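Quick notes on the structure that follows.
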Amino acid sequence: MRQSILFTKTIKESPKDEKSVNARLLVRAGFVDKLMAGVYSFLPLGFLVLKKIENIIREEMNSIGGQEILMPTLQPRANWMTTGRWEKMDDLFKVKDASRKDFALGATHEEVIVPLVKKFVSSYNDLPLYVYQIQNKFRMELRAKSGLLRGKEFMMKDLYSFHLTEKDLDGYYEKVKAAYIKIFKRVGIWKKTHLTFASGGSFSKYSQEFQTISDGGEDIIFVCKNCNQAINREIFDEVKICPNCRRKDFNEEKAIEVGNIFKLMNKYSKPFDLFVLDEKGRKKEVVMGTYGIGLGRIMGTVVEVCHDEKGIIWPEEIAPFHFHLIQAGQGSKTEKIARRIYDDLQKSGFAVLYDDRKGKSLGEKLVDADLIGVPVRVLLSDRTLNANSAEVKLRSKKETELIRLPALNKFLVSRKLYV
RNA sequence: CGGGGCGUAGUGUAGCGGUAGCACGAGUCUUUUGGGAAGAUUUAGCCCGAGUUCGAAUCUCGGCGCCCCGACCA
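Going by my numbering, the residue at position 91 of the first sequence is 518; the numbering climbs one at a time, nothing skipped.
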């Protein structure tokens with residue numbers, strides 16, 4: 428993409444109504460725009476990142492047998508009455524139509540997926556079944572905060588699994604756990620992410636969460652110094668011992684909950700009477716699991732974890748572009764060669780942000796590049812051109828390297844980091 | 001939902017009952033261009049509504065909005 432036609436612009440000062448690191452950097456760099464507290468638009472750069480995250484999640488969900496669907500946001504009150512959550516769920520958005528009929532805006536989709544599955548699943552042969560969607564959720568957060576980390580409207584991947592037995596659910600639960608670890612590795616936050624025991628809410632005594640250590644987080648976890656297992660503060664007092672290695676030595680950390688996995692058992696299959704017939708024709712209750720990841724929250728978490736005083740440092744797999752090509756100087760030869768590098772890289776299958784803006788000093792372009800945080804910067808100026816070279820720099824490193832132009836494309840493309 | 005703080009231009013501020021001003025930013029043009037350059041020029045504001053007053057950015061009341069702490073958070 429040519430930066431001269433990118434309609435968003437970087438902002439020099441941090442917006443005064445944003446305190447969290449992720450919101451300040453993402454707004455300044457032009458990835459997102461705040462419409463109101465807890466509700467953000469994703470601008471071209473931010474939408475690219477969101478789609479990368481989405482695709483990683485989609486790939487990993489597909490790899491464990493997930494079938495993708497899309498369910499409605501607008502949902503009938505009756506389904507929520509069936510589960511009792513119309514009254515019980517404090518943060519459920521409720522709306523009325525012109526005839527005063529009630530609807531819920533989907534905060535989660537058990538009330539839709541269970542009746543849906545009931546229409547198609549009737550035999551034990553139909554199980555297990557794994558269905559997921561990636562879609563906006565609405566929650567009436569009374570206190571939206573921390574930029575993208577806690578919003579009223581946010582994109583979420585929600586996976587639901589349906590099983591004949593708890594044992595089968597347990598097996599799939601472990602598969603999801605492994606898939607989640609892959610996702611957190613690919614988006615670049617796994618090193619700071621811990622599998623964490625937490626309260627099970629109303630379903631079971633405990634659940635498991637993935638918590639990423641960050642000052643921007645709102646949870647407190649205790650990380651086992653021996654094995655990296657963590658325990659959420661909400662249950663620490665009753666546990667006080669690592670459930671994994673039985674030791675009692677912990678570090679206390681602030682953390683962001685980036686995903687959770689949950690055994691629902693019959694919590695929702697029961698109210699909707701979701702059952703199958705087994706091989707002997709007997710009714711068997713279906714057991715379920717639910718597994719969520721917030722996409723915007725992942726994006727915000729990545730920024731919280733991957734930034735420096737100059738801006739964002741995107742992990743390679745979710746960066747909006749592979750390369751940020753910067754053209755400095757208005758010489759027609761410089762422009763011609765920059766254009767050729769841009770075209771060649773794109774032909775090689777890479778996404779390039781090409782800073783072809785006129786009238787900006789190199790300093791301004793470099794400051795913008797640091798803020799936006801594309802992993803690899805390629806600088807072509809009159810000066811580098813004199814040496815028949817371009818300067819290559821990783822956003823995460825200080826060193827720069829001059830690469831001779833004839834070898835440039837090969838050098839950049841040969842980096843195995845970008846696929 | 002409880003508590004606290006705060007609303008004057010995009011940002012930061014001045015004004016303290018009597019003509020809304022400054023700086024930065026942003027736009028245009030020119031000269032520039034190796035880490036946010038310079039000149040000229042332009043743009044843009046009292047959160048909203050009632051009340052008090054001859055007169056309200058300023059005082060009173062109500063609303064709305066934002067931030068922070070807590071509670072909540074399949």
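The beta carbon of each residue, even a glycine, is placed where N, CA and C say it ideally should be.
The structure displayed is predicted, hence computed values, not measured ones.
Non-local C-beta neighbours of Thr811 in its own chain, meaning closer than 7 angstroms and more than five positions away in sequence, comprise Ala817, Glu818 and Leu829, ordered along the chain.
For Arg429 and Gly492, the gap between their C-alpha atoms comes out near 39 angstroms.
Taken in chain order, the complete beta strand (DSSP E) segments of 3 or more residues contained in the region 442 to 505 are 459 to 463, 466 to 469 and 501 to 503. With at least 16 other beta carbons inside 10 angstroms of its own, Ile610 counts as buried.
The C-beta separation of Gly574 from Ala450 comes to about 3 angstroms, placing the pair in contact by the 8 angstroms criterion.
Between Val544 and Leu532, the C-beta spacing is not below 8 angstroms. Ala682 sits in a strand when the DSSP states are folded into three classes.
Under the DSSP assignment, Ala796 falls in the alpha helix (DSSP H) whose first and last residues are Leu789 to Ile799. Taking C-beta separations shorter than 7 angstroms and ignoring five residues to either side along the sequence, the partners of Asp595 in its chain run Pro555, following chain order. Beta-bridge pairing by DSSP links Arg804 to His751 and Lys820. The residue from Lys690, Lys572 and Ser626 with its alpha-carbon nearest to that of Ser588 is Lys690. Close CB contacts of Ala814 within its chain, under the 7 angstroms cut and outside five residues either way in sequence, are with Leu829 (chain order). In the structure shown, the three-state DSSP call for Gln656 is coil. For Glu636, the enclosing beta strand (DSSP E) has its first and last residue at Tyr633 to Ile640. Asp597 carries a helical assignment under DSSP once its states are collapsed to helix, strand and coil. With at least 16 other beta carbons inside 10 angstroms of its own, Lys584 counts as buried.
Inclusion of Gly721 and Phe581 in the CB contact set at 8 angstroms is warranted, their separation being smaller than that value. Under the three-pair Cβ rule at 8 angstroms, the region 770 to 790 does not count as touching the region 731 to 745. Less than 8 angstroms divides the Cβ of Ser641 from the Cβ of Val732. For the set Val840, Lys612, Ala505 and Gln560, the Cα lying nearest the Cα of Gly719 is the one of Gln560. Counting of Cβ neighbours within 10 angstroms places Ser550 among the exposed residues, the total staying below 16. Between Val614 and Ile496, the CB-CB gap reaches or exceeds 8 angstroms. With a cutoff of 8 angstroms on beta-carbon distance, Gly473 and Leu453 are scored as near each other. By the criterion of a C-beta distance shorter than 8 angstroms, Leu821 is surrounded in its chain by Pro802, Val803 and Arg804, once the five residues flanking it on both sides are discounted. In the structure shown, Ala571 adopts coil according to DSSP, grouped into three states. Separation of the CB atoms of Tyr607 and Gly716 is rounded to 12 angstroms, and the pair is thereby denied contact status at 8 angstroms. Going by DSSP, Ile768 is part of no beta strand (DSSP E) but of the alpha helix (DSSP H) stretching over Ser759 to Lys774. The beta carbon of Lys602 sits closer than 7 angstroms to the beta carbons of Ile491 from its chain, once the five residues preceding and following it are set aside; these are given in chain order. Judged by their CB atoms, Gly727 and Ile799 are not nearer to each other than the 8 angstroms cut-off. Check the Cα spacing between Leu475 and each of His734, Leu806 and Trp741: the tightest is with Trp741. For the pair Arg674 and Asn653, the CB atoms are nearer than the 8 angstroms cut-off.
Residue burial is scored here from C-beta neighbours: Asn506 has at least 16 other C-beta atoms within 10 angstroms and is therefore classed as buried.
In terms of CA proximity to Lys612, Ile483 leads the group Ala464, Ile483 and Asp460. By the CB criterion at 8 angstroms, Gln494 and Val558 fall inside the cutoff. Taking C-alpha positions only, Lys478 is separated from Lys707 by approximately 46 angstroms. Annotation: the continuous alpha helix (DSSP H) that includes Ala834 extends over Leu832 to Val840.
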